[in-house]
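Engineer: Take the sequence shown: its letters are residues 28 to 212, numbered as in my numbering. First the structure, then my questions, so here it is.
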Amino acid sequence: MKSIIKTVSEEISGVLSEINNEEAVHLSCLLKEAKRIFVLGEGRSGLMGKAFAMRLMHGGFPVYVVGETVTPSIEAGDLLVAISGSGSTGAILQFAVKAKEIGAKVFLVTTNRESKIAALCDGILCIPAATKHRRPDEPSTIQPLGNQFDQSVHLVLDAIIIGTLQAENQELAYEEMTKRHTNLE
Numbered sequence: 028m029k030s031i032i033k034t035v036s037e038e039i040s041g042v043l044s045e046i047n048n049e050e051a052v053h054l055s056c057l058l059k060e061a062k063r064i065f066v067l068g069e070g071r072s073g074l075m076g077k078a079f080a081m082r083l084m085h086g087g088f089p090v091y092v093v094g095e096t097v098t099p100s101i102e103a104g105d106l107l108v109a110i111s112g113s114g115s116t117g118a119i120l121q122f123a124v125k126a127k128e129i130g131a132k133v134f135l136v137t138t139n140r141e142s143k144i145a146a147l148c149d150g151i152l153c154i155p156a157a158t159k160h161r162r163p164d165e166p167s168t169i170q171p172l173g174n175q176f177d178q179s180v181h182l183v184l185d186a187i188i189i190g191t192l193q194a195e196n197q198e199l200a201y202e203e204m205t206k207r208h209t210n211l212e
């Protein structure tokens with residue numbers, strides 16, 4: 028088992044070392060500028076999106092997960108962060124088009140810079156990881172399906188939140204996040 032854990036860790040380290048810093052910084056800037064943030068993903072990408080939304084909430088951002096019953100209408104000045112490994116998920120494309128029509132900004136986290144969704148976005152963050160599609164340009168992996176993409180997305184988005192929230196007084200920031208953590212547990 029240790030050798031599998033080591034291999035997975037090395038795979039993820041390889042993906043993370045290839046992240047484009049400017050793309051990550053661009054997402055950070057859009058998060059800070061947005062009136063409200065909406066997070067969207069299908070399947071396991073949606074689960075990574077929910078984790079991202081929770082961390083944003085802890086950081087004090089006004090954030091919603093698309094599809095939840097308490098999610099309001101998106102408006103101009105808002106940001107839609109979509110997560111799609113292929114960049115071609117049909118429902119995500121429809122939501123992205125709608126958000127752009129309304130005047131919201133759209134940012135895509137994907138493996139595919141040339142996708143239909145990427146073409147209409149205000150920015151993308153390319154995660155150079157393997158997906159379930161196993162395109163020729165994707166790295167090799169021992170992991171099934173899109174595990175490598177999902178794990179990398181989770182770590183990269185957490186790092187972006189840490190970078191976005193960095194302040195002079197880290198202790199105070201941690202205290203504020205702790206106050207926002209759920210107490211109904």
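In this text, a Cβ means the ideal position worked out from N, Cα and C, and glycines have one as well.
Taking DSSP as the reference, what is the three-state secondary structure of Cys-148?
Structural biologist: Counted from its first residue, the sequence shown places residue 148 at position 121. Cys-148: coil per DSSP, three-state reduction.
Engineer: Starting from Ile-110, follow its DSSP beta bridges and name the residues at the other end.
Structural biologist: For the purposes of this step, residue 110 is taken as residue 83 along the sequence shown, with counting starting at 1. Answer is Gly-68 and Val-136.
Engineer: Taking three-plus beta-carbon pairs below 8 Å as touching, is the segment 85–95 in contact with the segment 35–49?
Structural biologist: No, they do not touch.
Engineer: Can you tell me which of the three DSSP states Val-90 falls into?
Structural biologist: By one-based count along the sequence shown, residue 90 stands at place 63. Strand, per DSSP.
Engineer: So, are the CB atoms of Lys-132 and Leu-57 less than 8 Å apart?
Structural biologist: Position 105 of the sequence shown, counting from 1, holds the residue named residue 132. Position 30 of the sequence shown, counting from 1, holds the residue named residue 57. It is a contact, given that the beta carbons lie within the stated cut-off.
Engineer: Use the C-beta contact count for Gly-190: other C-beta atoms within 10 angstroms, 16 or more gives buried, fewer gives exposed.
Structural biologist: Taking the sequence shown and counting its residues from 1, the one referred to as residue 190 is at position 163. With fewer than 16 other Cβ atoms within 10 Å, it is exposed.
Engineer: Under a CB-based cut-off of 8 Å, is Arg-71 close to chain D?
Structural biologist: Checking the listed chains, one finds no chain D in this structure; it contains a single protein chain.
Engineer: In the DSSP output, which residue or residues are listed as bridge partners for Cys-153?
Structural biologist: The residue you call residue 153 lines up with position 126 of the sequence shown. Cys-153 is bridged to Thr-137.
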